[in-house]
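These protein sequence lines are chains S and X, in that order. First residue of the first sequence? That's 44 in my numbering, and the numbers climb one at a time after it. First residue of the second sequence? That's 10 in my numbering, and the numbers climb one at a time after it. All residues carry an ideal CB built from backbone N, CA and C; glycine is no exception.
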Amino acid sequence: MPQRVFVTGVGIISATGNGTGENLASFYDLRTGIGNLSHLASVHSHIPVAEVNQSNEGLAEIAGADLTEGKYSRNTLLALIASQQAFADAGSPDLSGRRTGIIFATTTGGMDLNERYYKSLLQEGTFKDYIPFFDSADCTERIASYFGVRHNITTISTACSSSANAIMHGVRMIRNHNVHRILVGGADAITRFTLNGFLALEIVSPTGCRPFDQFRNGLTIGEGAAALMLESEEMADPSRIICEITGYANVNEAYHQTSSSADGMGAMMAMQQALEIAGLHDHDISYINAHGTGTEINDLSEGRAIEHVFQGGIPPVSSTKAFTGHTLGAAGAVEAVFAVLSIRHQIILPGINCLNPMPELTFRPPASVLKAVVNHVISNSFGFGGNNTSLIFSKA
Amino acid sequence: MKAYITANGIISPQHTHDATGLPGHFETRISNRLTCIEPDYRTLINPILLRRMPRILKMGLASSQLCINRSGNIQPDAIIVGTGLGCLHNLEQFLTEMLSNNEHITSVLPFINSTHNAVASQIAMLLKNHNYNVTYCHRGFSFESACLDALMHLAEKHAEHILVGGIDECTEDFMNLHGYLEYWKHPVDTLGLLNNKTTGTIAGEGSAFFMLSRESGNNASIALRGVHTFVTSDDAPAHEIVSEIDYFIQDKGLHQDCLDLVILGMNGDVRYDKIYDYLRQSYFTGKTGFAVYKPLCGEYYTSSAFALWLATVVLNQQMVPAPVCLSPAAPVMIKNVMIYNHIRNVEHTLMLVTADG
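As C-alpha cells, this is what we get:
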C-alpha cells in the first residue's frame, strides 16, 4: 500500500511578505507585491516586477547567514529562509538518517552571481571563488548541509513547473517508501538574465499582470521561495498535520517549446490525471489556484481546460500571481503553500486586477478573501517545454 | 524493483553511436578535453529542424532517437533526463549578449534553448509524447536521480518503458572558468589519464539514453537493480563511504564478494582518487575485478551514464576491455557490476547492474 503523505509545515518568502502571516495579510488587504525594481540594477527598471523587499544583506540577516564567511546567491538565501520556516512550522523534526531528504527546484539558481561576475571572470579570472555557486544544485545542497541531510538530495529544473514537480517527486519518494520525511520546495531570484529573456519573448506586462482579464497584457516576473515539510502517515505527528497531498500529475503537451495550445490539452490532462490519482471527482474540488500568468495564451488555454474538466460546475478559481508575480521555478511551491493556507484557514484566495472578465470564459476570480468550506484544492503549474503539473491538496 | 535495460543510444568521445557493443578501438589524444564523436545528424533528425538547433539538443535528440530505434520504436511511458548543467552553451550565449550589449537582446532563441528541460521537452515534441517529463539538474546526482525516478515509475505499476538519459556538454567558457579552479590537467595522453599522478583531470561530455523496461526483452537480461546517492564533506574518512556501500550492497541482498566487477569513477586527480585506491586495496576482496571509464569519456556531471553503458556492454560481451581494466585478469564470469563515482568527494553515487541467469 502506498503511504499517505501529509504536509506538516510550510514556509514562504515572496513579494507579498516574509512568512505565511504576512502573505495572508496581503490577501486580506488586497495588497499586491508588484512594484518597481529596487534591489536589482537593470536598464529595465521601469518594468513592474514583484521583488522581495529585502537586500541580500537583509535576507542574510533573516536567514542567519554570514555573508562575510560564506558566499550565497540570492536564490539560496531565499530558499534557506523558506526552509527554516517550514522546518520550524513542522516542529523541527529529526532530519537525520537515510530515510529523509531534500528536493528543491529552480530555473536559474545562482544566476545573480553568474551575471555579476561572468565578464571579469572570463577576462581576468577574478571572483573565481563564486563559480561553484552559479548552478542549480548549490541551493539544494546548502539547505541539505544546513539541516544535516545527506541522502535523497536532488534538484529539479523544468522551467515554471519546477517546484510543483519537486513536490510531486517528494510525494512519490514517500509513497514508494524511499523516505519517510522530506523537505520540498523551490526558489528563484529575479535576475537580469530572466528579466531580459522574458522581455525578449515579449510576454512581460508593461503595467503589472492581470490574470483572467480580457485586457491582460503579459506576466510579471516575481521572486521568492517556498518550502513544505512532507511526512509519511507513519512518521507524522497527528497534531502537526495541516493537510494531505492526494493527487499529482505531470504531463507534456508536446505542442510548442514556449507556448501552450489554445485548447489547453496539457492543462486538461494534468488536472484529470491528478483527480484520478486522488480518486476524486471534479465536484469534490473546492478551489483552483490557477497557473494564471496573465499572458494572453496561458489564461485562455488554462481557462478552457478548467471549463472542460469542471463541466459539473466550476469551483472558485484565482491566480495569486497578481500578488506575487510569476516566481518561475518557485511558483509551484509558493502556490502550494497558498493551497495549504486555503485549507488551513478554510478560505478562498482572491485574484486581483481582473476588472473585465474574459468573454471566452464563464468564471471570474473572487475579488476578496472568501470564507468557505475547503476540502480539496487544485494547484496548477505550467512551464516551457509544455511541462504541465497539477497537485491536489486535501483536508486531512 | 529492477529495470531491464532493453536499449541504449549513446554519443560520446568514443565511437559509440554506431556500435551496438564495444567499439573496435578506443580514441586517444593529447589534450585535457574530450569532445564527442558525433553522428551524421541528418540520418536521425529531420534536416529542417537541424538548421538552427544547438549542439546539445542535436546530441540529445539523436542519442534518444537511436535508443528508441533500437527499442523497436517504443513510445515511452515517461521521459526523464539528468543534466548537470543543462544547455550550457545557450545560457552562455544569452548571458554574453546581455552583458556586452547593456541588456539589449537581439535573439531570444538562446534564452528559450537555455532552459534546463529543453532536451527532454524537445524529445517529447518529436515523439509527440504526452507522458511524464522531468529533468534533474543536480551536479553528480543528475543522472542517478533520473534513474531513481524511472525505477519508482516502474514500481508504481503504470509504466512499462521509461526513456532515461544523462547529458552534458563541455564549452570553451566552462573550460576557462573551471580552469581557474584548477579542475584540469595540462594536456595528457587521454587514454593513459590515470598514469598522470598530478592534480586535475580531463573535461568530457556525452549523451547516453537508455530504455528501462519492466520486462526483459527478447535478448535483454541486463537490469539496473538500484541507485544510491549521498553527500559527504570533501574530507570525509573512508569508513563513511564504506558504510554507505555496505548498506547499498546489503539492501540489494548481496555481499561484497558477490560483486564481480566494480567500475570506478577515477579521474586521475590525486586529490580525489584516494578513496578509490582505498576501496581496491582494503575493502574489496580478491574476487572483485576493477575497471575505470573516465579515460574514455572525461569528467562531467553525468559521466555515470557512460559508465552504465560500459556496464551493459561488459555484461553482454563478458569481457572488460584492456585499456580500462585495472585488474591483472578480468573476472571469468561477470554477473554483478557496481558503479561507484563521486564528484570531488562530495556527491557520491552507486549503481548496481546485473545479468539474469
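- In this structure, Leu-317/X sits away from Gly-235/X, with a CB-CB distance that is not shorter than 8 Å.
- At a C-beta separation below 9 Å, Arg-224/S has no neighbours in chain X, since its nearest C-beta there lies roughly 16 Å away.
- For the pair of segments examined, the segment 381–389 of chain S was found to touch the segment 416–433 of chain S: the number of CB pairs separated by less than 8 Å reaches three.
- Counting only runs of at least 3 residues, the segment 22–64 of chain X fully encloses no beta strand (DSSP E) element at all.
- Put simply, the CB of Val-236/X is far from chain S, with every gap to its CB atoms at 8 Å or more.
- Listed along chain S, the residues sitting closer than 8 Å to Asp-182/X by beta-carbon distance are Leu-165.
- Three or more Cβ pairs closer than 8 Å define a contact, and the segment 262–271 of chain S meets that threshold against the segment 363–381 of chain S.
- Contact annotation: in the segment 132–152 of chain X, residues whose CB is within less than 7 Å of a CB in chain S are Ala-133, Met-134, Lys-137, Asn-138, His-139, Asn-140, Tyr-141, Asn-142, Val-143, Thr-144, Tyr-145, Cys-146, His-147, Arg-148, Phe-150.
- Leu-413/S and Ala-207/S do not touch by the CB rule: their CB atoms are close to 24 Å apart, not below 8 Å.
- Of the other Cβ atoms in all chains shown, fewer than 16 fall within 10 Å of the Cβ of Gln-84/X; this residue is therefore exposed.
- Within its own chain, the residues whose Cβ lies closer than 6 Å to the Cβ of Asn-157/S, once the five positions on either side in sequence are excluded, are Phe-177, listed in chain order.
- In the structure shown, Glu-378/S adopts helical secondary structure according to DSSP, grouped into three states.
- Rounded to the nearest whole angstrom, the C-alpha separation of Gly-346/S and Val-247/S is 20 Å.
- Think of a sphere of 8 Å around the beta carbon of Asn-185/X: the chain S residues whose beta carbon falls inside it are Leu-165, in chain order.
- Secondary structure at Glu-287/S: strand, using DSSP grouped into helix, strand and coil.
- Taking every protein chain shown into account, the CB of Phe-258/S has fewer than 16 other CB atoms within 10 angstroms, so this residue is exposed.
- Every unbroken stretch of the beta strand (DSSP E) spanning 3 or more residues and falling wholly within the segment 266–350 of chain X is given here in chain order: 270–273, 298–301.
- Taking a cut-off of 8 Å for Cβ pairs, the segment 54–67 of chain X and the segment 217–226 of chain X do not touch, as fewer than three such pairs fall below it.
- Of the candidates Met-401/S, His-299/S, Val-352/S, Ile-328/S, His-299/S places its Cα closest to the Cα of Ala-129/X.
- Taking 8 Å as the CB threshold, Ser-303/S stays off the interface with chain X.
- Note: Asp-256/S is bridge-paired with Pro-400/S in the DSSP secondary-structure output.
- The three-state secondary structure of Met-134/X, taken from DSSP, is helix.
- One thing to note: Ala-16/X has its Cβ within 8 Å of the Cβ of Ser-80/X.
- Counting C-beta atoms within 10 angstroms of its own C-beta, Asp-109/S has fewer than 16 neighbours from the protein chains shown and is therefore classed as exposed.
- Shortest Cα-Cα distance from Asp-155/S to any of Asn-332/S, Thr-111/S, Asp-181/S, Asp-306/S involves Asp-181/S.
- At a cut-off of 8 Å between beta-carbon atoms, Gly-54/S makes no contact with chain X.
- With contacts defined by Cβ atoms closer than 8 Å, Thr-197/S and Tyr-145/X form a contacting pair.
- Cβ-Cβ distances below 6 Å link Asp-260/X to nothing in the same chain once the five nearest sequence neighbours on each side are left out.
- Here the segment 54–65 of chain S makes contact with the segment 106–124 of chain S; the two share three or more CB pairs at distances below 8 Å.
- The DSSP assignment places 180–190 as complete runs of the alpha helix (DSSP H) inside the segment 158–206 of chain S, in order along the chain (cut-off: 4 residues).
- The bridge partners DSSP lists for Leu-359/X are His-237/X, Tyr-349/X.
- Within chain S, the residues Ser-85, Val-86, His-87, Arg-235, Asn-239 have their CB atoms less than 7 Å from the CB of Glu-112/X, given in chain order.
- DSSP places Gly-134/S outside both helix and strand once states are collapsed to three, so it counts as coil.
- Taking 8 Å as the cut-off, the beta carbon of Ser-123/X is found closer than this to the beta carbon of Leu-100/X.
- DSSP lists no bridge partner for Leu-384/S.
- At a Cβ-Cβ threshold of 8 Å, Pro-400/S and Phe-190/S do not count as neighbours.
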